[in-house]
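*Asks:* Pasting a structure here, questions to come.
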Amino acid sequence: GIGVDSNGQAEFSVSRAGVLTYRAGLGGGVQLVWLDSKGVREGEPIEVGPLLNPTLSKDSRWLAVQKVDAKNGSDIWVRDLKRGVNSRLTFATEEDLVPLFSNDGQSVFYARAAKDGSFLLLSQALDSGAERELWKSPRMVFPVALSPDGRDLLVGQLDRLLVGFLPAD
């Protein structure tokens, strides 16, 4: 029952604590809910709407999701699961896609479909909002996973997976 995006990528994330989040099916009426280990729903939906690519921080405190708006495209939103507060992370006029948390949960990696037809791989700090461009590609690229030390980023590209090195800050 895990949904896939237009590229055939399954939309799910698993935290180190073993918490699984995923998008079921297609359409704009997506509900993100907590399930126990037996698949029984716990409580009310965390988020409802046209949502794609949910991902949890490793400590399960934060949820990042791509929210799609028919008029404004898609942006990355972050929810503080402890406080129940949503914050819009990206405000670009381009499409921001496929969020992925850094290992420490202090920043989010994501892709952007640039106006010139290229794709950017970016990171943004949650505390300062500082955005950093990591890579520009003529083909669609998106973050997939980070190495345990946070120095290597597995990057998806429509027809293959690449490993890119992240420069140290």
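If you count by our numbering, then the sequence shown holds residues 132 to 300, one letter each, in order.
Yeah, the Cβ is synthetic: ideal placement off N, Cα and C, and Gly gets one too.
The model shown is predicted, which means the values in this text are computed figures rather than measured ones.
Taking R192 and D167 to be in contact with their CB atoms under 8 Å, please state how far apart those CB atoms are, rounded to whole angstroms.
*Replies:* Residue mapping note: residue 192 aligns to position 61 of the sequence shown, counting from 1. Residue mapping note: residue 167 aligns to position 36 of the sequence shown, counting from 1. That pair is no contact at about 19 Å.
*Asks:* R192 by DSSP, collapsed to three states: which one?
*Replies:* For the purposes of this step, residue 192 is taken as the residue at position 61 of the sequence shown. Residue state, collapsed to three classes: coil.
*Asks:* Name, in chain order, the residues that DSSP records as bridge partners for L163.
*Replies:* Within the sequence shown, numbered from 1, the residue matching residue 163 stands at position 32. Paired residue(s): E178.
*Asks:* Where does D206 fall in DSSP's three states?
*Replies:* Numbered from 1 along the sequence shown, position 75 holds the residue referred to as residue 206. If DSSP states are grouped into helix, strand and coil, D206 belongs with the strands.
*Asks:* Give me the DSSP bridge partner(s) of S168.
*Replies:* The residue you call residue 168 lines up with position 37 of the sequence shown. Its beta-bridge partners do not exist; DSSP assigns none.
*Asks:* Return helix, strand or coil for A299, following the three-state DSSP convention.
*Replies:* Working through the sequence shown from its first residue, we reach residue 299 at position 168. The predicted position of A299 is uncertain, since its pLDDT is 41 and thus under 50; no value can be drawn from it.
*Asks:* Among R219, G204 and G260, which one has its Cα closest to the Cα of E226?
*Replies:* The sequence position of residue 226 within the sequence shown is 95, counting from 1. The shortest C-alpha separation from E226 is found at G204.
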